[in-house]
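Colleague:
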Amino acid sequence: MASKITEWVKSGDKSGEFKRQQSSFRDSISREQGVKFPAEKGRYHLYVSYACPWACRTLITRQLKGLEDIISYSVVHWHLGEKGWRFVTEGEQESVPGDNVVPDPIQGHENFTHLRDVYFESEPNYEGRFTVPVLYDKKLKTIVSNESSEIIRMLYTEFDDLVDEKYRRVDLYPETLRTQIDETNEWTYDKINNGVYKSGFATTQEAYERNVVALFEALDKAEAHLKSTYSEGPFYFGKVITEADIRLFVTIIRFDPVYVQHFKTNIRDIRSGYPFLHKWMRNLYWNVQAFRDTTQFEHIKWHYTKSHTQINPFSITPVGPLPDVLPLDEEVPAVSTKL
Numbered sequence: 016m017a018s019k020i021t022e023w024v025k026s027g028d029k030s031g032e033f034k035r036q037q038s039s040f041r042d043s044i045s046r047e048q049g050v051k052f053p054a055e056k057g058r059y060h061l062y063v064s065y066a067c068p069w070a071c072r073t074l075i076t077r078q079l080k081g082l083e084d085i086i087s088y089s090v091v092h093w094h095l096g097e098k099g100w101r102f103v104t105e106g107e108q109e110s111v112p113g114d115n116v117v118p119d120p121i122q123g124h125e126n127f128t129h130l131r132d133v134y135f136e137s138e139p140n141y142e143g144r145f146t147v148p149v150l151y152d153k154k155l156k157t158i159v160s161n162e163s164s165e166i167i168r169m170l171y172t173e174f175d176d177l178v179d180e181k182y183r184r185v186d187l188y189p190e191t192l193r194t195q196i197d198e199t200n201e202w203t204y205d206k207i208n209n210g211v212y213k214s215g216f217a218t219t220q221e222a223y224e225r226n227v228v229a230l231f232e233a234l235d236k237a238e239a240h241l242k243s244t245y246s247e248g249p250f251y252f253g254k255v256i257t258e259a260d261i262r263l264f265v266t267i268i269r270f271d272p273v274y275v276q277h278f279k280t281n282i283r284d285i286r287s288g289y290p291f292l293h294k295w296m297r298n299l300y301w302n303v304q305a306f307r308d309t310t311q312f313e314h315i316k317w318h319y320t321k322s323h324t325q326i327n328p329f330s331i332t333p334v335g336p337l338p339d340v341l342p343l344d345e346e347v348p349a350v351s352t353k354l
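For any residue, its number in the working numbering is found by taking its place in the sequence shown, counting from 1, and adding 15.
1. Using a Cβ-Cβ cutoff of less than 7 Å, which residues in the same chain neighbour M16 once the five nearest sequence positions on both sides are dropped?
2. Relative to the alpha-carbon of K236, which residue among K279, V178, E258, I207 has its alpha-carbon at the smallest distance?
3. Measuring straight from C-alpha to C-alpha, what distance separates G210 and V227?
4. My assumption, with CB atoms under 8 Å, is that P148 sits in contact with A70. Please give the rounded CB distance.
5. In terms of DSSP beta bridges, what is I158 paired with?
6. From S89, F252, G248, L241, pick the residue whose C-alpha is nearest to that of T191; which is it?
7. Less than 8 Å separating the beta-carbons of V90 and S110?
8. Between Q220, D179, S164, D114, which lies nearest to E201 when the distance is taken from Cα to Cα?
9. Spell out a yes or no on whether the stretch 46–54 and the stretch 116–129 are touching, meaning 3 or more CB-CB pairs, one atom from each, closer than 8 Å.
10. Buried or exposed: where does V159 fall if 16 or more other Cβ atoms within 10 Å of its Cβ makes it buried?
11. For the alpha helix (DSSP H) containing S30, name the first residue and the last one.
12. Would the beta-carbon of F361 fall within 8 Å of that of G96?
13. Apart from the five residues just before and just after G248, which ones in its own chain have a Cβ nearer than 8 Å to its Cβ?
14. Which first and last residues belong to the alpha helix (DSSP H) in which V265 is found?
15. With a 10 Å radius around its C-beta and 16 neighbouring C-beta atoms as the bar for buried, classify Q311 as buried or exposed.
16. If distances are taken between C-alpha atoms only, which option among W317, R77, Y59, N327 comes closest to D186?
17. Just verifying my parser: in three-state terms, what is the DSSP assignment at Y274?
18. From which residue to which residue does the beta strand (DSSP E) around H356 run?
19. Is DSSP giving F250 helix, strand or coil here?
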């Protein structure tokens with residue numbers, strides 16, 4: 016029996032630990048001939064949420080690789096209810112900010128009201144969560160993948176025959192850095208990307224403290240790395256953007272606006288407690304358009320504070336911190352003194 020969509024820790028689980036569901040759809044798009052899902056212009060569609068860090072990985076990658084005219088996308092409503100993510104109605108579109116926040120745009124989906132309808136179209140007996148991102152094949156009318164880490168790697172290379180040379184040269188997983196990127200992914204995923212959720216969704220004091228301490232130990236590790244490599248360039252591994260930047264950014268940009276108060280990850284915040292992480296994050300946001308264009312703070316703040324009613328039963332969204340992200344040349348007083 017499937018758990019309720021909004022039941023983040025199963026009822027009766029005395030550990031109090033949030034355990035993330037494994038993605039169920041794990042097919043791949045390939046540039047090779049004769050495959051089930053070949054790389055083709057206009058064939059594939061991304062369903063995403065601006066609120067979701069995992070989904071925004073795919074939007075950032077799509078833009079960095081110049082795939083805007085190759086892969087379409089649409090954005091669900093920011094609210095996550097008992098039936099999962101829903102599509103906006105035509106009457107709501109003007110009141111919800113952000114590009115491509117639309118009813119399901121796929122031909123044949125005119126009566127689809129929720130993302131779950133796309134899942135059931137692909138697998139009528141599906142019993143898992145209806146997660147984003149979803150990479151969908153418009154030709155075969157089925158989900159290719161709902162695993163963000165695998166989707167972004169498809170986008171790195173499999174559509175290169177269809178894009179300009181300048182985008183083919185964008186190498187987000189360079190061979191010389193793959194071992195380091197994979198090692199970084201392992202601990203940043205477990206302790207930071209998923210760590211904020213394990214802290215925030217914990218239902219026992221012990222589970223919360225165990226995970227929040229591990230989270231901040233990992234943030235300390237990322238801060239130390241960025242401090243030691245600061246002279247080599249503005250990105251996580253120096254002069255070029257890599258997968259490590261994409262995967263870490265989507266959590267760090269949400270940290271102060273949401274996670275500090277909502278998930279109780281308040282040992283320190285980024286803007287006053289981690290000067291090198293803060294500088295790295297702001298460089299990506301202000302200087303690399305793909306990161307800024309795909310960050311919608313209204314969706315982020317409204318989703319967490321109004322969907323997670325077990326944490327925030329009155330659905331009140333805090334006003335601060337203001338601004339959501341500081342300008343590049345501005346620091347909070349304590350940090351400017353330290354720097």
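Beta carbons are placed, not taken as given, at the ideal position from N, Cα and C, and that holds for glycine.
Given the structure is predicted, the values throughout are model-derived calculations rather than measurements.
Modeller: Reading it off the structure:
1. Walking along the sequence shown from the start, residue 16 turns up at place 1. Here the model assigns M16 a pLDDT of 32, short of 50, so the residue's position is not dependable, and the following value carries that caveat. Cβ neighbours of M16 within its own chain (closer than 7 Å, five residues either side excluded): none.
2. The residue given as residue 236 occupies position 221 in the sequence shown. The shortest C-alpha to C-alpha distance from K236 to any of K279, V178, E258, I207 is the one to I207.
3. By one-based count along the sequence shown, residue 210 stands at place 195. By one-based count along the sequence shown, residue 227 stands at place 212. Their Cα atoms are separated by approximately 7 Å.
4. Sequence index remark: in the sequence shown, residue 148 carries index 133 (1-based). Sequence index remark: in the sequence shown, residue 70 carries index 55 (1-based). Yes, P148 and A70 are in contact; Cβ-Cβ is about 4 Å, under 8 Å.
5. Indexing the sequence shown from 1 puts residue 158 at position 143. Per DSSP, the beta-bridge partners of I158 are Y151.
6. The count along the sequence shown starts at 1 and reaches residue 191 at position 176. Ranking the options by Cα distance to T191, first place goes to F252.
7. Locating residue 90 in the sequence shown gives position 75, where the first residue counts as 1. Locating residue 110 in the sequence shown gives position 95, where the first residue counts as 1. Taking 8 Å as the Cβ cut-off, V90 and S110 do not qualify as a contacting pair.
8. Residue 201 sits at position 186 when you count from the first residue of the sequence shown. The candidate whose alpha carbon is nearest that of E201 is S164.
9. Contact fails: fewer than three Cβ-Cβ distances are below 8 Å.
10. Locating residue 159 in the sequence shown gives position 144, counting from the first residue. Label assigned to V159: buried.
11. Position 15 of the sequence shown holds residue 30. First-last for S30: undefined, no H or E at that position.
12. Because residue 361 is not part of the residues shown, which for the chain are 16 to 354, the question remains open.
13. Walking along the sequence shown from the start, residue 248 turns up at place 233. The residues are K254, V255.
14. Locating residue 265 in the sequence shown gives position 250, where the first residue counts as 1. 258–269 is the extent of the alpha helix (DSSP H) around V265.
15. Position 296 of the sequence shown, counted from the first residue, corresponds to residue 311. Sixteen is the threshold: when 16 or more other Cβ atoms of the shown chains lie within 10 Å of the Cβ of Q311, as they do, the residue is buried.
16. Locating residue 186 in the sequence shown gives position 171, counting from the first residue. It is R77.
17. Residue numbering aside, residue 274 sits at position 259 when the sequence shown is read from its first letter. Here Y274 sits in helix by DSSP.
18. In the structure displayed, the chain extends from 16 to 354; residue 356 sits before or after that span and is not available.
19. Numbered from its first residue, the sequence shown carries residue 250 at position 235. Here F250 sits in strand by DSSP.
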